[in-house]
Amino acid sequence: MLVGGAPANPYLRLNVRRDHLIDDALHRLELVAMESPSSLKKQLVVEFEGEQGIDEGGVSKEFFQLVVEEIFNPDIAMFTLNGETQTYWFNPTSFESDAQFKLIGIILGLAIYNNVILDVHFPMVVYRKLLGRRGTFHDLQDWNPSLAKGLQQLLDYKGDDMEEVFVQSFRITHKDVFGTVLTHDLKENGDTILVNQDNKWEFVDMYTDFLLNKSIEKQFRAFRRGFLLVTEDSPLEMLFRPEEVELLVCGSKNFDFNALEESTEYDGYTASSPIIRHFWELVHEFSQEQKRKLLQFATGSDRVPVGGLSKLKLVIARHGTDSERLPTAHTCFNVLLLPEYSSKEKLADRLLKAINYSKGFGMF
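When we follow UniProt numbering, the leftmost residue of the sequence shown carries the number 1, and every step to the right adds one.
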């Protein structure tokens, strides 16, 4: 297609500085969203300013990874971590602008469009809300099970002495980013209204609505607006289940390395080559964390793609004869470059060193 006599650019190009990653991404994507929102649905090509290299997929993966790490940095305090479920929730007292939360929504949408799996840990209610639904008491379990259990105990209590036992009013407390205790009245003069058998369901509903909806309404509205900028008028609108959205964002949770072995292709080796047999023997003995590191090293992401590990299309290529060099990887193409080490012990030593020190090394 020609636009003004010139071919339309099929890519969404993003030039960012590593030390100003969020600011640069926010500025560029805001301009695109205002001037040409349809461009957000193009394939993303990322360039780090001052660095050589063509983005065949690996640079984009690194970009998404770095953005996610920055966004969920506790020093920024855009999100709070629930230690019990290890999931993140929107910080209702965050000082960050709507534009920052909008950027996160855009990033989620772009990741889906570019088939990049993100290392994000939201409770399921976030994906329910992205689909336009409100959070309810039944959603609380995934995010804060201890609070959900306490509220359920309140609902289950049948005694007439409820006011004396629980001493809970319609005034609740929460903390800001500095740890200062704040109060909020769920009803006018809430501190004078004690929870009893007649109003306990009203209290639980209002408390849950405040936590999951009203207290974060401003932040979540911006986040959802960013997500919809990318996903509106697309097949994603046909998704009706929050589990489907989570799968597209976070990938599968099934680390089936047997499926990965069966689907792996070889260049210069065969499945029966001694080093390949040794490789898979070692990998199947790896811990879950080591397997994640191997995926990160070879593919640029430690997440399992939609459809499972067989969809990775991993290639293990021969990279010369026995050597002191560590394995390297073309993360753009999911290619692991493996010298033909002389023993299983040497392979184990070199492979573990490579995956443990892979960040910014040996990957291109």
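Think of the CB as a built atom: it goes at the ideal place given N, C-alpha and C, for glycine as much as any other residue.
At the 9 Å Cβ level, is residue i part of the contact set with chain D, yes or no?
i	result
Q100	This model lacks chain D altogether, as it is built from one protein chain only.
How big is the Cα-Cα spacing for residue i and residue j?
i	j	result
N356	K311	24 Å
D266	V304	Position check: residue 266 holds Tyr in this sequence, whereas Asp was assumed. Y266 and V304: Cα-Cα distance of roughly 21 Å.
P7	K42	Because P7 sits at a pLDDT of 48, beneath the cut-off of 50, its placement in the model cannot be relied upon, and the following sentence gives the value as read from the coordinates. Looking at the two C-alpha atoms, the distance is approximately 14 Å.
L295	R318	18 Å
R224	G83	25 Å
P339	V315	14 Å
P274	T321	13 Å
H158	D198	A small correction: the amino acid at residue 158 is Lys; His does not occupy that position in the sequence shown. K158 and D198: Cα-Cα distance of roughly 11 Å.
C332	S301	11 Å
L2	V177	Residue confidence for L2 is low, a pLDDT of 41 falling below 50, so the modelled location carries little weight; the figure read from the coordinates is stated next. About 51 Å.
K200	L186	13 Å
K206	S215	Correcting the residue identity first, residue 206 is Met in this sequence and not Lys. Using only the alpha carbons, I get a separation of about 11 Å.
Y127	L260	29 Å
F210	N144	14 Å
A271	H278	10 Å
V204	F48	49 Å
M363	V181	Low per-residue confidence applies at M363: pLDDT is 43, beneath 50, and the placement is therefore not dependable, though the value from the model is reported in the following sentence. If you take the alpha carbons of M363 and V181, they lie about 46 Å apart.
E164	E244	45 Å
A329	Y269	16 Å
P327	H184	56 Å
D98	L229	15 Å
T85	H138	16 Å
L155	Q100	38 Å
L103	T231	14 Å
F122	K291	22 Å
R241	I276	41 Å
G132	F220	11 Å
Y341	L81	43 Å
E324	Q288	27 Å
R297	A354	In the sequence under discussion, the amino acid at residue 297 is Phe, which differs from the Arg named in the question. In a straight line, the C-alpha of F297 is about 8 Å away from that of A354.
Would you list the one or two residues that DSSP bridges to residue i?
i	result
I316	Y266, L336
H174	L182
R13	V45
Y88	L81
L194	S169
Any chance the CB of residue i is under 8 Å from a heavy atom of the ligand MN?
i	result
K102	By its list of ligands, the structure shown contains no ligand whatsoever, and the ligand MN lies outside what it can speak to.
Would you grab the beta carbon distance between residue i and residue j for me? Rounded to a whole angstrom, and I think it's under 8 Å.
i	j	result
G179	N254	No, G179 and N254 are not in contact; Cβ-Cβ is about 39 Å, not under 8 Å.
L12	V125	Actually they are not in contact, since the Cβ atoms of L12 and V125 sit about 30 Å apart, beyond 8 Å.
E227	L140	The amino acid occupying residue 227 in the given sequence is Phe; Glu does not appear at that position. Actually they do not touch by this definition, with Cβ atoms about 22 Å apart.
F72	Y88	6 Å
V46	V59	5 Å
V249	I112	6 Å
T208	T136	6 Å
Open item on the list: I want to know whether the stretch 273-287 touches the stretch 342-351 - three or more CB-CB distances under 8 Å.
Closed with: yes
Open item on the list: Can you confirm whether the stretch 106-118 touches the stretch 137-152 when touching is taken to mean that 3 or more C-beta pairs between the two stretches lie within less than 8 Å?
Closed with: no
- [ ] Spell out a yes or no on whether the stretch 32-42 and the stretch 67-74 are touching, meaning 3 or more CB-CB pairs, one atom from each, closer than 8 Å.
- [x] no
Open item on the list: Quick check on the DSSP output: what are the complete beta strand (DSSP E) runs of length 3 or more inside the stretch 242-314, in order along the chain?
Closed with: 265-267
Task: Given 8 Å, three or more beta-carbon pairs between the stretch 169-178 and the stretch 192-203 - done: yes
TODO: Specify whether the stretch 257-272 and the stretch 72-83 touch according to this definition: at least 3 beta carbon pairs, one from each stretch, less than 8 Å apart.
DONE: no
Task: Sufficient close CB pairs (3 or more, under 8 Å) joining the stretch 97-112 to the stretch 22-29 - done: yes
Open item on the list: Does the contact criterion of 3 or more C-beta pairs under 8 Å hold for the stretch 6-21 versus the stretch 89-102?
Closed with: no
TODO: Any chance you could list the beta strand (DSSP E) runs of at least 3 consecutive residues sitting entirely within the stretch 82-160, in chain order?
DONE: 87-90
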